[in-house]
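Undergrad: Provided herewith is a single structure, encoded as structure tokens, for subsequent inquiry.
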Amino acid sequence: MDSASQPLYYCLPLPKGDINDLSELHAVRMAVIHNIFIRGINSMISYAPEIQPTDLHSFLKYCEIFEKLLNHHHHNEEEAYFVLLEEKLGAGSMKDNVEGHKGFHEPYAAWSRLCDGFRMDTIPWDPIQFIMHVRAFALPLIEHLGEEIQTLNAEVIRQKFTQLELTHIEKAMEEELKKTPLSEALVWQLPFIFVNGDGVKAKWFPAGPAPLIFVSRHILYHLHSDIWRFGCTDKYMKVKQRFAAYERS
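Put into structure tokens, the structure is as follows:
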């Protein structure tokens with residue numbers, strides 16, 4: 005098995021829209037976030053065949069951060085974001101999105117248990133099994149990620165929400181994100197986003213106070229550069245050549 009023989013997954017096309025228009029921002033931003041997870045999947049599949057014993061700890065930590073970030077994203081959607089949207093879109097309007105989270109749960113949980121076994125050394129490292137387990141949850145997850153964008157249609161958002169109401173949602177979600185300990189965000193979450201982000205079409209993401217972005221990217225990043233080398237991009241979100249074919253032009 006070699007990395008070059010592993011087919012990967014294409015990133016989602018970004019919806020057309022002005023990110024300065026809150027009605028259009030929702031779908032664009034969600035697609036940007038979802039592509040971070042698709043790149044995370046691609047990087048795990050691509051690097052798995054190359055992992056040596058000295059790499060395993062760092063690689064499995066990278067996988068753990070992917071898992072925590074995806075769990076965090078879906079928790080925030082279900083407990084806050086979708087609730088706010090349903091206030092105007094109607095009760096149950098986000099139900100299919102929540103059901104989509106359940107659609108990949110079983111293979112995703114099986115992959116998580118496999119990674120735990122690798123970490124605890126109760127299961128010997130096996131890149132073939134690792135990739136099989138990733139692919140098992142990747143297909144339903146990526147299908148869900150694409151479908152969810154369609155529920156954030158800019159025209160529907162514009163019809164149902166005033167700009168003031170959309171501003172309220174932005175502020176509410178900012179408060180929700182602040183519940184994450186700052187150290188977690190700066191040391192683990194942001195660097196993962198940097199090395200799987202879109203430096204061509206979405207340089208504006210992740211958004212946040214410039215001093216915190218600087219500290220995370222230029223200082224704290226280097227504490228765990230052994231982990232971040234497994235990303236699809238460098239820390240400036242420039243895609244690596246091995247993954248370039250899977251970006252959307």
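Count the sequence shown with my numbering and you get residues 5 to 253, in order. Heads up, the beta-carbon is just placed ideally off N, CA and C, and yes, glycines get one too.
1) Scan the region 44-72 and note each continuous alpha helix (DSSP H) run of 4 residues or more that stays entirely inside, going in chain order.
2) Over what stretch of residues does the alpha helix (DSSP H) that includes ALA142 continue unbroken?
3) ILE135 and ILE49 - do their beta-carbons sit closer together than 8 Å?
4) Leaving out five residues on either side along the sequence, give the residues of the same chain with a beta carbon under 8 Å from the beta carbon of ALA176.
5) Could you name the residues of the same chain whose beta carbon sits closer than 7 Å to that of PHE234, not counting the 5 residues immediately before and after it, in chain order?
6) If we ignore side chains and look at the alpha-carbon of each, how far apart do LYS205 and LEU170 end up?
7) So, using beta-carbon positions, are LYS239 and VAL199 closer together than 8 Å?
8) Expressed to the nearest angstrom, what Euclidean distance is found between the alpha-carbon atoms of VAL160 and SER9?
9) Counting only the same chain and skipping the five closest in sequence on each side, list residues whose C-beta sits under 6 Å from that of ASN24.
10) What whole-angstrom Cβ distance do VAL36 and LEU18 have, given they're in contact under 8 Å?
11) Are the CB atoms of GLU151 and ASN80 nearer to each other than 8 Å?
12) Counting C-beta neighbours from all protein chains within 10 Å, is the total for GLU178 16 or more, i.e. buried, or is it exposed?
13) Less than 8 Å between the beta carbons of ILE55 and PHE196, yes or no?
14) How far does the alpha helix (DSSP H) with GLU83 in it reach, from first residue to last?
15) Measure the CB-CB distance between PHE108 and HIS148 and report whether it falls below 8 Å.
TA: In short, the structure shows the following:
1) none
2) 131-154
3) yes
4) ALA84 and LEU88
5) SER47, TYR51, PHE63 and TYR66
6) 23 Å
7) yes
8) 42 Å
9) none
10) 7 Å
11) no
12) exposed
13) no
14) Segment: none, GLU83 is in no alpha helix (DSSP H) and carries neither H nor E.
15) yes
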